[in-house]
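Worksheet for the structure shown next.
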Amino acid sequence: MDNLQELTDALLLINQKYLMDFNTPKASKKTAMQQILQLAAYEDGQTAIKATPILKNLLSYLTSPENSADFADVISSILLYLCEDQDSTLETLSVVSLNIPLRCVQLLCSRSYIPGTGLGSLLCNLSADEKVIKKFFIPELKNILQFFEAVVSRNGVSVELLQWVFAILNNLTQDKDVRHEVMYETPPIFQKMPNLMKNFQDQKLHSAILGVVFNCCYLKSDHKHILEQLQILPTVLLPLAGPEKLSEEENTEVPELLRNLDSQVPAKERDPSLENRKQCMQILYRLCTLRECREYMREKNAYAVLRGYHLWEEDSESSEYCEDLVNVLIRKEDEFEKEDLEEGADGSLAATT
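In this text, residue positions in the sequence shown follow the working numbering: the first is 2, and each later residue adds one.
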């Protein structure tokens, strides 16, 4: 059908016959939603959907405790098509009074939800939009972070769900208010990161976690808190750590999760993703800006891990980056002109003027 009126009439019929009739079996409702999804892939279909009450009814299913788990992914996939730009996103999400992103987070994090592609993809798209963050995520931020905290603290959680949670957080933490809330009001999310990095050898999850850490290192004023209170160093060093044997003294100095890796079975492997390893180096570089942070990393003997990584790394750019970082850590503080350093355009650390 290429006629807009025909599309609209067809959608009205689907709405009346399947969505508005409570006696319609769930399987038939889902089939009807799949038909709507097919139409949503086309511009005329999107226009027709927005011109009928069908969108409001779909959102009511999404927010209904009785039906949402059954239809969450297909409705989210429809919304993905309807939220292709900022204006259409704000318009679509405002059709009902309930906060749709919050409801989607609640569904995504529920124990009964089996991770698919719809909810996670929708939330990743929505959380990448600054205006959507301000209008829908920020007002419910405490509740959203509580749901995320429950997921990262849960035993037996799937790696797919963790990937979605941290991918969404990676987007959200580009906002300063979200960063502050995550670091200072919801510390368990950070505190669970090291074990997640160790227990899940998944490059996609590692990338999302490191993205959150990198975003939260934006301000120098947060660096000490990130290192000392949130104890983020193991999260960043684990992807760089290999099976090399450390001396007895080094083993007592490095963070606990990095000790005795030479005896780990199966053998400890570095993150195979070059991009993830580069991200670790960038985070460590940022955290070397302040003297007290450099001293903390020396105290935790980050050098012992970086030494092995430098010998192992075959990528010349990353190897040089690591060498520069090691040179900063092994220098005595009185060799720096000033205590605070800044990362230059060439990636090197220099004293601030």
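Note that the Cβ used here is the ideal one computed from N, Cα and C, for glycine as well.
Glu150 is the residue among Glu150, Asn196 and Ser159 whose C-alpha sits nearest the C-alpha of Met184. By the CB criterion at 8 Å, Ser113 and Leu173 fall outside the cutoff. The beta-carbon separation of Thr93 and Leu80, rounded to 7 Å, stays under the 8 Å limit for a contact. By the Cβ rule, the region 206-221 does not count as touching the region 250-268, because fewer than three pairs are nearer than 8 Å. Excluding five sequence positions before and after Asp176, the CB atoms of its chain that fall closer than 7 Å to its own CB belong to Ile134, given in chain order. By the neighbour-count criterion, in which a residue is buried when 16 or more other Cβ atoms sit within 10 angstroms of its Cβ, Gly157 is exposed. By DSSP's assignment, Leu120 forms no beta bridge with any residue.
In the assembly as shown, Glu85 is an exposed residue. Its beta-carbon has fewer than 16 other beta-carbons within 10 Å. The count of Cβ pairs closer than 8 Å, one atom from the region 315-330 and one from the region 246-255, stays below three, leaving the stretches out of contact. When DSSP states are grouped into helix, strand and coil, Leu99 belongs to the coil group.
For the pair Leu8 and Lys30, the Cα-to-Cα distance works out to about 18 Å. Runs of the alpha helix (DSSP H) spanning 4 or more residues and lying entirely within the region 271-313 occur at 275-288, 292-300 and 303-313, in chain order. In the structure shown, Leu127 falls within a helical segment according to DSSP collapsed to helix, strand and coil.
Nearest in C-alpha terms to Phe167, of all of Phe137, Pro140, Glu131 and Leu109, is Leu109. Separation of Gln17 and Leu60 (C-alpha to C-alpha, rounded to the nearest whole angstrom) is 15 Å. Distance from the CA of Leu231 to the CA of Gln36, rounded to the nearest whole angstrom, comes to 48 Å. The Cβ neighbour count for Asp74, taken over all protein chains shown within 10 Å, is at least 16; the residue is labelled buried. The criterion of a C-beta distance shorter than 8 Å is satisfied by Val329 and Cys289. When rounded, the separation of the alpha-carbon atoms in Phe137 and Asp178 is 13 Å. In this structure, Ser208 and Ser274 form a Cβ contact; the two beta carbons are roughly 7 Å apart against a cut-off of 8 Å. Of the residues assessed, Phe191 falls on the buried side of the cut-off, its CB having 16 or more other CB atoms within 10 angstroms. The beta-carbon separation of Lys27 and Asp71, rounded to 6 Å, stays under the 8 Å limit for a contact.
In its chain, beyond the 5 residues on either side, Leu275, Arg278, Lys279 and Met282 have a beta carbon closer than 8 Å to the beta carbon of Ser319. Taking Ile76 as the centre and dropping the five residues before and after it, the same chain places the C-beta of Met34, Leu59, Leu60, Tyr62, Leu63 and Gly119 closer than 8 Å to its C-beta, in chain order. Distances from the alpha-carbon of Lys225 to those of Asp325, Gln147 and Leu291 put Leu291 closest.
Of the candidates Ser159, Thr187, Gln202 and Cys125, Cys125 places its Cα closest to the Cα of Asn171. Of the residues Val96, Ser154, Glu161 and Ala11, the one whose Cα lies closest to the Cα of Gly121 is Glu161. Its Cα nearest to that of Lys333, the residue Arg299 stands out among Arg271, Arg299 and Gln147. Counting only runs of at least 4 residues, the region 148-203 fully encloses the following alpha helix (DSSP H) elements, listed from N- to C-terminal order: 160-173, 177-181, 188-192 and 194-200. Annotation for Lys193: Val153 and Ser154 place their beta carbon closer than 8 Å to its own, counting only its chain and skipping 5 residues before and after.
Of Thr187, Asp22, Glu229 and Ser78, the smallest CA-CA separation from Glu296 is found for Glu229. Leu12 and Lys221 have their C-alpha atoms some 54 Å from each other.
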